[in-house]
Structures are given as structure tokens and as C-alpha cells.
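Per this note's numbering, residue 3 is the first one in the sequence shown, and the count goes up by one each step. Beta carbons are placed, not taken as given, at the ideal position from N, Cα and C, and that holds for glycine. Owing to the predicted nature of the structure, the values given are computational and were not obtained by experimental measurement.
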Amino acid sequence: MKTISIVLVLVLLFINCNNSDKTYYAKNLEVTKNQTHPGKKLMETNCYICHNATTSEANRIAPPMIAIKMRYINGNTTKKQFIASMKNWIKNPVESNVKMYGAVKRFGIMQNLPYPEDVIEQIADYMFDNDIEQPEWFKEHYNQNKGQMMRQ
3 MKTISIVLVL VLLFINCNNS DKTYYAKNLE VTKNQTHPGK KLMETNCYIC HNATTSEANR
63 IAPPMIAIKM RYINGNTTKK QFIASMKNWI KNPVESNVKM YGAVKRFGIM QNLPYPEDVI
123 EQIADYMFDN DIEQPEWFKE HYNQNKGQMM RQ
């Protein structure tokens, strides 16, 4: 009887170890990877000066980063295309390159920023693959203006 109990305990331990939720660790590694992505810190340091999600809608000097991401990415946009578009706009912010007409009308054209291409690439890489913080008011604003964006 004692031997059967020991075998039963060992079998249960073995089964329990094999059935453990291994995806838990994978998800935690993914979260850690995203939090340590160099593009995240670069975006917060360089872009949030003007594009911060915590700035109220009335006090904004530029659209939030989530608005940029949503305007530059559609169902067919590849990461390579997105990064190229970001580099093109940041290196050459002129009227002929405008994709965010409402933002330019409200805030004007962004100044030319001397960021190295690798910095822009890391920020765009992070933006493409990750959820970007959005202001509380953004969803309603986006839904109200979605029709205008589609026509442009």
C-alpha cells in the first residue's frame, strides 16, 4: 500500500509538471521584450515631447503617437513600408509628404528633426509591433473623424 501511494504521488507530480502552463513564461518574456525594446525608450524620449498621450486634447501641439500609427498603417502595410514612411516624413516633413491632413491643418507641419536613421527605424519598429498608449479622448475623436480620414 505504501509503495502504491509513493508511485501515485510521483505519477501525479510528473503529470502536473508536464501540464504546467508554459505559455505563461513565454507571455512574460514577450512583455519584458516589448518593455525593453530600444524603440520604446527612444519614442518616449524623442517623440513624447510633442506627441505624448497624456497631454489633453486642448493642450496638444501634435497628434498622439497612436494617431500616427493608425494613419500610417492599414491592412496592407508591411513593417518595411511603415518604417520607410516614418523615415521619409521625419527626414523630409514637407506638404507633399503629408498623410495626416487634419493634424497638419491643426498643428502645422512638423519641424525637420535631425534624428539618425537608426533611431527612427527603432522607434518605427517598436510602433509597428506594439500597442501604443492612447489618450482617454482618442477613441471618440477617432470615431468622429474616421470618415474624413477615409476621404483623404
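Please report the Cβ distance between Y117 and M72, rounded to the nearest whole angstrom; I am assuming they are in contact, meaning their Cβ atoms lie under 8 Å. Rounded, the Cβ-Cβ distance is 22 Å, inconsistent with contact.
Going by the beta-carbon positions, is the gap between C52 and I70 smaller than 8 Å? With a cutoff of 8 Å on beta-carbon distance, C52 and I70 are scored as not near each other.
> How big is the Cα-Cα spacing for M102 and I92?
Replying inline: Rounded to whole angstroms, M102 to I92 spans 13 Å at the Cα level.
Beta-carbon proximity list for T25, same chain, < 7 Å, skipping 5 on both sides = Confidence is the limiting factor: at T25 the pLDDT is only 46, short of 50, which leaves the residue's position unreliable, though a coordinate-based value still follows. Closer than 7 Å at the Cβ level, and outside the excluded window around T25, lies no residue.
Outcome for I111 when other beta-carbon atoms lying within 10 angstroms are tallied against a minimum of 16: When all chains shown are included, I111 counts as exposed.
Next on the checklist: Spatial neighbours of N90 within its chain, please: C-beta separation below 7 Å, excluding the five flanking residues on both sides.
Outcome noted: Cβ within range, chain order: N99.
Query raised in the report: Taking the alpha helix (DSSP H) that P118 falls in, what are its first and last residues?
Result: That residue, P118, is in no alpha helix (DSSP H); it is neither H nor E in DSSP.
Exercise for review: Determine the DSSP secondary structure at H39, reduced to helix, strand or coil.
Suggested key: The DSSP-derived three-state label of H39 is coil.
My output table needs one value for K71: the three-state DSSP class, helix, strand or coil. DSSP places K71 in helix when its eight states are reduced to three.
Q136 in three-state terms, based on DSSP: Q136: coil per DSSP, three-state reduction.
Using 8 Å as the threshold, is the segment 37 to 46 in touch with the segment 119 to 134, meaning 3 or more CB pairs across them? Of all C-beta pairs linking the segment 37 to 46 to the segment 119 to 134, three or more are shorter than 8 Å, placing the two stretches in contact.
Beta-carbon separation of I68 and E142 under 8 Å?
-> No, they are not a contact pair.
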